[in-house]
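Working notes for the structure below.
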Amino acid sequence: MSTQKVTEQLYQSGDFERLSQVLEQNLEQCGWATEMRDYARSLIKADNTIHFQDLYEKLLKAATESFPSSLKVSMLQEIKSTILKMTDVAQHQQDQGQN
Numbered sequence: 000m001s002t003q004k005v006t007e008q009l010y011q012s013g014d015f016e017r018l019s020q021v022l023e024q025n026l027e028q029c030g031w032a033t034e035m036r037d038y039a040r041s042l043i044k045a046d047n048t049i050h051f052q053d054l055y056e057k058l059l060k061a062a063t064e065s066f067p068s069s070l071k072v073s074m075l076q077e078i079k080s081t082i083l084k085m086t087d088v089a090q091h092q093q094d095q096g097q098n
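When you line the sequence shown up against numbering that gives the first Met the number 0, it's residues 0 to 98, in that order.
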């Protein structure tokens, strides 16, 4: 199954939205989202003339460096499990079509 097909299936099935919500909830629960909001506010407060691109680059660097590795692992496992289920269903449908 191609990347484009997987992406389409994730959207069509609602799994993309479900995975996004799970990620958002986990980031809120562990305090990461609050930490990033507070960091953004502090950057703006320190320099209220900061350009968007500069703010974006600083936030992206901080977000990437501080993203919880345990959450990364659990989300990757969840995504993998979801994709495997999708491919199993697609294979089953294909097998049924051949019979």
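Even glycine gets a Cβ: it sits at the ideal position worked out from N, Cα and C.
This structure is a prediction, so every number in the text was calculated from the model and none was measured.
Range of the contiguous alpha helix (DSSP H) that encloses F66: One-based indexing of the sequence shown puts residue 66 at position 67. Here F66 belongs to no alpha helix (DSSP H), and DSSP marks it neither H nor E.
Every unbroken alpha helix (DSSP H) within the segment 6-44, with a cutoff of 4 residues, ordered by chain: 14-28
Validate contact between the segment 75-89 and the segment 9-22 using beta carbons, cut 8 Å, 3 pairs: Result yes; three or more Cβ-Cβ pairs closer than 8 Å.
C-alpha gap between S1 and M35, whole angstroms: Locating residue 1 in the sequence shown gives position 2, where the first residue counts as 1. Locating residue 35 in the sequence shown gives position 36, where the first residue counts as 1. Inter-residue distance for S1 and M35 is about 34 Å (C-alpha atoms, whole angstroms).
Inter-residue CB distance, L59 and L42 (contact presumed, cutoff 8 Å): Here residue 59 refers to the residue found at position 60 when the sequence shown is read from its first residue. Here residue 42 refers to the residue found at position 43 when the sequence shown is read from its first residue. Not really, about 12 Å apart at Cβ, beyond 8 Å.
Nonlocal neighbours in the same chain, by C-beta distance under 8 Å from G96, ignoring five residues either side: Residue 96 sits at position 97 when you count from the first residue of the sequence shown. Same-chain partners within the cutoff: there are none.
Three-way DSSP call (helix, strand, coil) for T48 in this model: As a first step, residue 48 must be located in the sequence shown, where it is residue number 49. DSSP places T48 in coil when its eight states are reduced to three.
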